[in-house]
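For reference, the structure is listed below as structure tokens.
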Amino acid sequence: MRLKRIVAPTMQEALEKTRRELGPDAVILNARTIRAGGFFGLFGSPKVEVTAALDVDTAVSVAAVETARVPEGRISEREPRLEAIYRELREMRRDVAALIDGTRSQSGGAVFGGALLAAFRRLVDNDIEEETARILVEEVATDLGSEDCMDLEKVHAMLVDRLVRLIPVAEEITFDSDGPKVIAMVGPTGVGKTTTIAKLAAAHALTHRRKVALITADTYRIAAIEQLRTYSDIIGIPLEVVYSPEEIRPAIESHSDADVILMDTAGRNPRNPARMLELRGIIRAARPDEVHLVISATTKNSDALDVVDRFEQVGFDRLLFTKLDESSTYGMILNTLVRAQRPLSYLGTGQDVPEDFEIASAAKLAHMIMGDWGIAPGSGARENGANSEDR
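Okay, structure coming up:
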């Protein structure tokens, strides 16, 4: 059986060239992406290399001619063996074609292989949007040589580096003599805004020794007021309850000697226009220095993107994610940051106050997204990433 190597700019052209040269039933044994000079690339002018075998019908015809010269007693022995070979080749061709089509459909038309394909699947399995995953893997392929593209650990390290560059992290708040910094929390119901306010208050008051005041506009839930009052008593800071937008500025001004004022708001259904307009009025009255949109890490990706879009009318300049300990995938966080074009401020990692609360770290989130994928046991790469202080 004669083998032929065919190179073309695209897979479609390679298949057409194969059909022209070997016939419509040519058997595709292997297909891979190459580039002039041996670089495995996805930008520029990539080439597709196909290894094909002589089409089955031609091979069968040749075999038929040969059998005319074979003694009659051996014909019955050869035909089943040839048929088994041809059947196996047909199955191989179907499998290769299915693999190529599946890879292309998953990666937006790009053909990934080896470690790059595994990396792409890792990102998509972690709920990262396919377009974002494709761009990330293409960038990794551009930066790494053909040999390094087959190395899982090197692909992992490069992907983490790319994720760190992609994740925007907010600068820490600065304090001056112009009065207190006012920080407001907004978000859907049940995401943990009140607990987050308590954690942030404890960090400022107990860790950084700053003068803190609390304001809550969440008067829909008596339990929320009592919860925040309990925290304020434990921490030893004042709490103001406001019942209308008109009361907010006087409450803020009554604590003009504070370093930071943290304002809680009621959770809002983003699909309720009346409640969203009411929240916008509260934020406009408060005129805060920072507005953090709080989203639970357990939120479905499509719902999180919808929350971002609908809270645009309220206005926010930072994203804060809670309940990371209750989620097993973190790609939604990256998708939301990309959609919102706002930086990440803090991460809530549990229910304990104030321990389970961290300043956002791009390196930590990148390693959470990638996990142990591509890391050899005992390499120490995961530990290095988890302990990184890069923001």
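Count along the sequence shown from 1, then add 8; that gives the number in our numbering. Yeah, the Cβ is synthetic: ideal placement off N, Cα and C, and Gly gets one too.
Per DSSP, the beta-bridge partners of Leu352 are Val177 and Leu327. Between Ala259 and Val268, the gap from beta carbon to beta carbon reaches 8 Å or more.
Between Ala368 and Tyr354, the beta carbon gap of about 6 Å places them in contact (Cβ cut-off 8 Å).
Bounds of the beta strand (DSSP E) holding Phe365 are Phe365 to Ile367.
Per the coordinates, the alpha-carbon of Met158 lies some 21 Å from the alpha-carbon of Thr18.
For His300, the secondary structure class from DSSP, reduced to helix, strand or coil, is strand. Under the DSSP assignment, Leu152 falls outside any alpha helix (DSSP H); it carries neither an H nor an E label. Of the other Cβ atoms in all chains shown, 16 or more fall within 10 Å of the Cβ of Ser240; this residue is therefore buried. By the Cβ-count criterion, Asp272 is buried, with 16 or more other Cβ atoms from all chains shown falling within 10 Å of its own Cβ. With contact defined as three or more Cβ pairs closer than 8 Å, the stretch 145–153 and the stretch 166–184 are in contact. The beta carbons of Ala211 and Pro296 sit no closer together than 8 Å. Straight-line spacing of the CA atoms in Leu332 and Ala178 works out to 18 Å.
The C-beta distance from Pro362 to Lys207 rounds to 5 Å, short enough to meet the 8 Å contact threshold.
Taking every protein chain shown into account, the CB of Glu334 has fewer than 16 other CB atoms within 10 angstroms, so this residue is exposed. Excluding sequence positions up to five before and after Ile233, its CB lies within less than 8 Å of the CB of Thr224, Asp226, Thr227 and Val249, all in the same chain and listed in chain order.
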